[in-house]
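J.: The structure under discussion is supplied below as structure tokens; questions concerning it will follow.
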Ligand SMILES: Nc1ncnc2c1ncn2[C@@H]1O[C@H](COP(=O)(O)OP(=O)(O)OP(=O)(O)O)[C@@H](O)[C@H]1O
Ligand SMILES: [Mg+2]
């Protein structure tokens, strides 16, 4: 075996050192150094005498490249296809990550069945035996002669199999179990993960075989292995879920063939993972006619609108500094909204504990939810019940002005679809809104003062 040298590399910023160190000199992060093995290149010098010999890499003229227009492997799980950007592209490499036991293997086995109508699907597992996979498959009702199971961890054997049998789709469960025997380090180390992924990407691109790779995550929710891993693949999907809850969220963190930050909701049933098509209905169940301290907001996740309920609670602060308990919202954003409420709406919150929560476990990043959060707070403070058939959308400025939001039509259409009767919107969106007609009452607001004047009239 060729002689190898080891060094340490920061998984955050890629800074290299010869000795291990606790803190990275470059990015200042602690405990991010991992050992890497330097892989010697077979030939480091370019021999000019060989320049005219047959080059291995194929160079093709842009105009001569033939592609099957718009071909995508589709499944009957439309939400999964949507996240992929309309289906799986030939030669695409998708990395699926998520906490242990979240359902990665289950989801991929279900998709294996779906893709098997196109040809052979190879399921490589370094974690479970073929018998274990088969018994899971039987529970999910999977029968197909086109699914092949391989219990293997040596990337070379997988490479050879794929080259000879040319399956259409390969599922690798998981990248952390694979190893390349040419490299002197154990499976799961950054070097092995990088080398095995490189091999997979090469196989996928040269042979138009699509791959799903399962990747474990670290305790802080990052993909285990080198940061580079996410750059090497075409798409990164994260499978999330709250412990004890039956639903799961699949999020596209990166996608070269579709839009990113898309989100799809699935539920975990006895017979496997089922898609939740009408996710807004799903998050809005169990609500009363009128409520104090709650408001529905249409937020954008990727290109899809989700209706989420913001719930707030205020209690008297018994002692010390008032608590700000924030779940499903950006903490800093909430601090700003509280400051706006105190300054612009004259609410006195200095001696109140404040709690805000989004039921369902989703997290809101869209600033268009600002107005909803504040209305919910005002309704609580003034003890005014708000009809649950009224929603709110708008971003807040520090002067208390309600700012324009993007994709207003999409948001209003989703509200209309779910039977909302009215919606507070920014005055700045009026022109755009008036181009269409809606069955709901549209209430335009310039600023928070206007809202305070209206609140008693509307309710
Ligand atoms: N017979 C069964 N009936 C119902 N649910 C089951 C059964 N077997 C497993 N499950 C559930 O399916 C879920 C998903 O398991 P799965 O193995 O797909 O997760 P995973 O993300 O691949 O986990 P890991 O990271 O450990 O490989 C588990 O939470 C488990 O509780
Ligand atoms: Mg698994």
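Residue numbers (the numbering used here): 91 to 549.
Quick reminder that beta carbons are idealized off the backbone N, C-alpha and C, glycines included.
1) Cβ of residue 224 versus every heavy atom of ligand 2: is any distance shorter than 7 Å?
2) Where does the unbroken beta strand (DSSP E) through residue 205 begin, and where does it stop?
3) Going by Cα to Cα distance, which pick from 308, 228, 409 and 97 is closest to residue 188?
4) Closer than 7 Å to a non-hydrogen atom of ligand 2 - does that hold for the CB of residue 195?
5) Only counting the same chain, and skipping five residues up and downstream in sequence, which positions put a Cβ closer than 8 Å to that of residue 232?
6) With DSSP as the reference, please indicate the residues paired to residue 447 in a beta bridge.
7) Helix, strand or coil: how does DSSP classify residue 133 here?
8) Hey, is residue 509 close to ligand 1, as in C-beta under 7 Å from one of its heavy atoms?
9) From what residue to what residue does the alpha helix (DSSP H) around residue 531 run?
10) Would you kindly work out how many angstroms separate the C-alpha atoms of residue 205 and residue 357, rounded to a whole number?
11) Beta-carbon separation of residue 331 and residue 338 under 8 Å?
12) For residue 112, count neighbouring C-beta atoms within 10 Å of its own C-beta (all shown protein chains included) and say buried if the count is 16 or more, exposed if not.
13) Tell me which residues share the same chain as residue 445 and place their Cβ nearer than 7 Å to its Cβ, disregarding the 5 neighbours each side in the sequence.
14) Roughly how many angstroms separate the alpha carbons of residue 207 and residue 266, rounded to a whole number?
15) Would residue 413 be called buried (16 or more neighbouring beta carbons within 10 Å of its own) or exposed?
16) Would residue 282 be called buried (16 or more neighbouring beta carbons within 10 Å of its own) or exposed?
17) Checking 8 Å against the spacing of the C-beta atoms, do residue 352 and residue 393 come in under that value?
18) Measuring only from the beta carbon, is residue 190 closer than 7 Å to any heavy atom that is part of ligand 1?
19) Using 8 Å as the cut-off, can you tell me whether the stretch 239–249 makes contact with the stretch 284–298, which would need three or more C-beta pairs spanning the two stretches below that distance?
20) By the three-class DSSP mapping on this structure, what secondary structure does residue 394 have?
21) Pull the bridge partners of residue 286 from the DSSP assignment, please.
22) Given that a residue counts as buried once 16 or more other Cβ atoms are within 10 Å of its Cβ, and exposed if not, what is residue 306?
23) Looking only at its own chain, which residues have a Cβ that is under 8 Å from the Cβ of residue 134, when we skip the five neighbours before and after it?
24) Nearest to residue 539 by alpha carbon, out of 435, 158 and 368?
25) Might you give, ordered along the chain, the residues of its own chain that have their beta carbon closer than 6 Å to the beta carbon of residue 132, omitting 5 neighbours on each side?
26) Measure the C-alpha to C-alpha separation of residue 474 and residue 430 and round it to an integer number of angstroms.
27) Have a look at residue 110 and residue 98 and give me their C-alpha separation to the nearest angstrom.
28) I'd like to know whether the C-beta atoms of residue 456 and residue 484 end up nearer to each other than 8 Å.
29) DSSP state of residue 162, grouped into three classes?
30) Please confirm whether any heavy atom of ligand 2 lies closer than 7 Å to the CB of residue 242.
31) Taking 7 Å as the cut-off, is the CB of residue 330 close to at least one heavy atom of ligand 2?
32) Per the contact definition of three or more C-beta pairs closer than 8 Å, is the stretch 158–178 in contact with the stretch 264–280?
33) Considering only the beta carbon of each residue, do residue 398 and residue 505 sit closer than 8 Å?
34) Since residue 101 and residue 125 are thought to touch, with beta carbons under 8 Å apart, how far apart are those beta carbons, to the nearest angstrom?
35) Return yes when at least one heavy atom of ligand 1 lies under 7 Å from the C-beta of residue 229, else no.
36) With a threshold of 8 Å on Cβ separation, who are the neighbours of residue 550 within its own chain once the five nearest residues in sequence on each side are excluded?
T.: Put simply:
1) no
2) Taken as a continuous stretch (DSSP letters only), residue 205 belongs to no beta strand (DSSP E), being part of the alpha helix (DSSP H) at 194–205.
3) 308
4) yes
5) 199, 200, 202 and 203
6) 401 and 417
7) For residue 133, the pLDDT reaches just 44, beneath the cut-off of 50, and the residue's location in the model is therefore unreliable, although a value from the coordinates is still provided. Of the three classes helix, strand and coil, the one that applies to residue 133 here is coil, per DSSP.
8) no
9) Segment 531–535 is the beta strand (DSSP E) holding residue 531; no alpha helix (DSSP H) there.
10) 21 Å
11) yes
12) exposed
13) 402, 403 and 415
14) 29 Å
15) exposed
16) buried
17) yes
18) yes
19) yes
20) strand
21) Answer is none; residue 286 lacks a bridge partner.
22) buried
23) Per-residue confidence for residue 134 stands at a pLDDT of 47, beneath the threshold of 50, marking its modelled position as unreliable; no derived number is given.
24) 435
25) Since pLDDT at residue 132 reaches only 48, below the 50 mark, its modelled position is unreliable, and the value read off the structure follows with that caveat. Within the same chain, residue 132 has no close Cβ partners at all.
26) 20 Å
27) 6 Å
28) no
29) coil
30) no
31) no
32) no
33) no
34) Their Cβ separation, rounded to whole angstroms, is 11 Å, which puts residue 101 and residue 125 out of contact at 8 Å.
35) yes
36) Outside the shown range of the chain (91 to 549) lies residue 550, about which nothing can therefore be said.
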